[in-house]
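So this is what it looks like as structure tokens:
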């Protein structure tokens, strides 16, 4: 294992200390329980928007704390859900009297810990709504599984919902908007290499030099198929087609196209993928109204990418374009 | 015959030891069908419980159980934290103010705990989870309690049905948690949560029986 770390068990705390000093103008970091909050929180009469999850997916979620996006983020250990005491304290810290929205990725641990936190916060008199994101088409959704995993749509939801909360919309509307984003977005990812969890010290899975995993999860969970490495055009097609067919995205639809790096893939390759994605969308009559290209929901040093398409209307575009000022996303300001 | 507060505390200490001894085994079961952290997470949680126990072991059984639940919730993480946390919080609710428990008290506490876990995890018998151990054991306890059995006999009998329930998870297809993504591939591995729950009930039988 080759990593820029001191001790594996100190990685998350030292990362938080780094974030605290690097972005002191935007966020404050609280410890035991750990959470990152907007420097100006709580904001009176604004719905607080919170997310959280295991660490190792940076910049998600801590990098999205700031004006126009999240009010707080709760980082767990690497790839392990945060605990309810973190979400409870974060909820209290950002509660400005208009209620708090929890955006939760669909993993059993995350869902259960956020549910407990919501119960505890409600018993302390804070109104809490939770929305679970589950956009990964690689996973079979049925009554017999835990359902689809929450991936790329989470980033887009946090931006769009954060903008709506900034307009002081009521909790019910903000939660409804979050459900709308989740319902209209689909994602799928792939890996060229594995990731190494610092405390495990070895690759999560073995992937031979000439093979790739299609449908990978953001913790290195197996996907749909393992196969010989293809070209960017072939890979993009393998990700985009199941996404387009699933919603389905139809001729004439407008989308936000998000090409995401898994952590170990350079931007030059992500733009190659984006170029292929744009061709596929044109071929299907799907108009790309907005784009996002970069590594925003990562899996440590895994090489690979994911594609997310979100069907957008004028409302979603306006909220996407609204000002945002966070460590990882910043525009309009 | 009742379960004293000392026996209740002995149960927790005994279980923490069993978890420590079986940490690698539980994590091994979890790596086959889950995310390879059940033993590590449970051990972290129960070591934290042992460390904090002196601060609340002089309170009533309900408060002790509630405190244990809170420690587990904030230290275990994953899905096990909220599930085991809920189990102990529910026991705490049901035994509030008590310094000793009759068989009926214990049965009612476990009933409330199992219902809490079912609601929290939205799971049921046959989903290949800890409930496959807990539900049969609870049913046995209820039968024994109704027929006037002694605490020792009731706990021994429920320990046996818990073990049968645990073993019966091996051929099941997982329907909850990360194991559910494996579908048919989850067949053939004993469920790690059902295994730790069996240890919990076995430890109770040892600590509460005469």
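Residue numbers (my numbering), protein chains in the order written: chain U, 34 to 366; chain V, 9 to 218.
Each residue gets a CB set at the ideal place from its N, CA and C atoms; glycine is no exception.
Values in this document were obtained by computation on a predicted structure and should not be read as measured data.
Under a three-way DSSP split, which group does residue 108 (chain V) fall into?
Correct three-state label for residue 108 (chain V): strand.
May I have the straight-line CA-CA distance separating residue 308 (chain U) from residue 357 (chain U), to the nearest angstrom?
The straight-line gap from Cα to Cα measures roughly 26 Å.
Can you give me the start and stop residues for the alpha helix (DSSP H) that residue 308 (chain U) sits inside?
Segment 300–317, the alpha helix (DSSP H) holding residue 308 (chain U).
Going along the segment 123–154 of chain U in order, which residues come within less than 8 Å of chain V, judged by CB to CB distance?
Those residues of the segment 123–154 of chain U placed with their C-beta closer than 8 Å to a C-beta in chain V are 140, 141, 142, 145, 146, 148, 149, ordered along the chain.
Mind checking if residue 186 (chain V) is an interface residue toward chain U, Cβ cutoff 9 Å exclusive?
Closer than 9 Å: yes.
Which two residues bound the contiguous beta strand (DSSP E) that contains residue 223 (chain U)?
For residue 223 (chain U), the enclosing beta strand (DSSP E) covers residues 218–224.
Sequence-distant residues of the same chain with beta carbon closer than 6 Å to residue 325 (chain U), five excluded per side:
Taken in chain order, the residues that qualify are 291.
Tell me, please, whether the segment 104–118 of chain U touches the segment 58–74 of chain U by the rule of three or more beta-carbon pairs shorter than 8 Å.
A contact between stretches requires three or more CB pairs, one per stretch, nearer than 8 Å, and the segment 104–118 of chain U meets this requirement with the segment 58–74 of chain U.
Find the nearest neighbour of residue 201 (chain V) within the set V:214, V:99, V:170, judged by alpha-carbon distance.
Cα-wise, what sits closest to residue 201 (chain V) is V:170.
Rounded to a whole number of angstroms, what is the C-alpha to C-alpha distance between residue 301 (chain U) and residue 265 (chain U)?
Between residue 301 (chain U) and residue 265 (chain U), the C-alpha separation is close to 12 Å.
is_contact[residue 258 (chain U), chain V] using C-beta, thresh 9 Å:
Judged by the 9 Å Cβ criterion, residue 258 (chain U) is not in contact with chain V.
The segment 89–115 of chain U: which residues have C-beta closer than 9 Å to a C-beta of chain V, in chain order?
Taking 9 Å as the Cβ-Cβ cut-off, the segment 89–115 of chain U approaches chain V at 109, 110, 112, 113, 114, 115, given in chain order.
Check the Cβ of residue 45 (chain V) against every Cβ in chain U and list those closer than 8 Å, keeping chain order.
By Cβ distance, chain U contributes 113.
Residue 64 (chain U): buried (16+ other C-beta within 10 angstroms of its C-beta) or exposed?
Counting Cβ neighbours within 10 Å, residue 64 (chain U) comes out exposed, since fewer than 16 surround it.
The beta strand (DSSP E) that contains residue 68 (chain U), what's its start and end?
Its beta strand (DSSP E) spans residues 68–71.
Please go through the same chain and pick out, in chain order, the residues whose beta-carbon is closer than 6 Å to the beta-carbon of residue 142 (chain V), but skip the five residues on each side of it.
Here residue 142 (chain V) has 122, 205 as same chain residues with Cβ atoms under 6 Å from its own Cβ, once five neighbours each way along the sequence are excluded.
Given a threshold of 16 other Cβ atoms within 10 Å of its Cβ, counted over all protein chains shown, does residue 127 (chain V) qualify as buried or as exposed?
Burial state of residue 127 (chain V) is exposed, judged by a 10 Å Cβ sphere holding fewer than 16 other Cβ atoms.
Applying the 10 Å Cβ sphere with the 16-neighbour rule, what's the burial state of residue 62 (chain V)?
Under the 10 Å beta carbon count, residue 62 (chain V) is surrounded by fewer than 16 other beta carbons and is classified as exposed.
Can you tell me the Cα-Cα spacing of residue 160 (chain V) and residue 146 (chain U), whole angstroms?
Taking the straight line from one Cα to the other gives about 36 Å.
Per DSSP, what are the beta-bridge partners of residue 11 (chain V) in this structure?
DSSP lists V:109 as partners of residue 11 (chain V).
Quick one, which residues of the segment 74–101 of chain V are near chain U if we go by CB-CB under 9 Å, in chain order?
Within the segment 74–101 of chain V, the qualifying residues are 78, 81, 82, 83, 84, 85, 86, 87, 88, 89, 90, 91, 93, 94.
Taking its Cβ as the centre, do 16 or more other Cβ atoms sit within 10 Å of residue 86 (chain V), making it buried, or is it exposed?
Answer is buried; the Cβ neighbour count reaches 16.
Under 7 Å (Cβ pairs) to chain V, residues found in the segment 168–186 of chain U:
Cβ proximity to chain V below 7 Å picks out 172, 177, 178, 179 from the segment 168–186 of chain U.
Looking at the secondary structure, which residues open and close the alpha helix (DSSP H) in which residue 147 (chain V) lies?
It spans 139–154 - the alpha helix (DSSP H) in which residue 147 (chain V) sits, taken as one unbroken run.
Have a look at residue 203 (chain V) and residue 178 (chain U) and give me their C-alpha separation to the nearest angstrom.
C-alpha separation (whole angstroms): 21 Å.
Checking contacts by CB at 9 Å: is residue 118 (chain U) closer than that to chain V?
At least one chain V Cβ lies under 9 Å of residue 118 (chain U).
Is there a Cβ of chain V sitting closer than 9 Å to that of residue 275 (chain U), yes or no?
Taking a beta-carbon distance threshold of 9 Å, residue 275 (chain U) does not count as an interface residue toward chain V.
If we cut at 9 Å on Cβ distances, does residue 66 (chain U) have a partner in chain V?
For residue 66 (chain U), the nearest CB of chain V lies under 9 Å from its own CB, placing it at the interface with that chain.
Inside the segment 147–217 of chain U only - beta strand (DSSP E) runs reaching at least 3 residues:
Look at the segment 147–217 of chain U and you find these whole runs of beta strand (DSSP E), each 3 residues long or longer: 161–166.
Chain U partners of residue 189 (chain V), CB-CB under 9 Å?
Taking a Cβ-Cβ cut-off of 9 Å, the neighbours of residue 189 (chain V) in chain U comprise 172, 173, 178, 179, 182, 250, 254, 255, given in sequence order.
Using beta-carbon positions only, say whether residue 222 (chain U) and residue 250 (chain U) come within less than 9 Å of one another.
Cβ distance < 9 Å, so residue 222 (chain U) and residue 250 (chain U) count as in contact.
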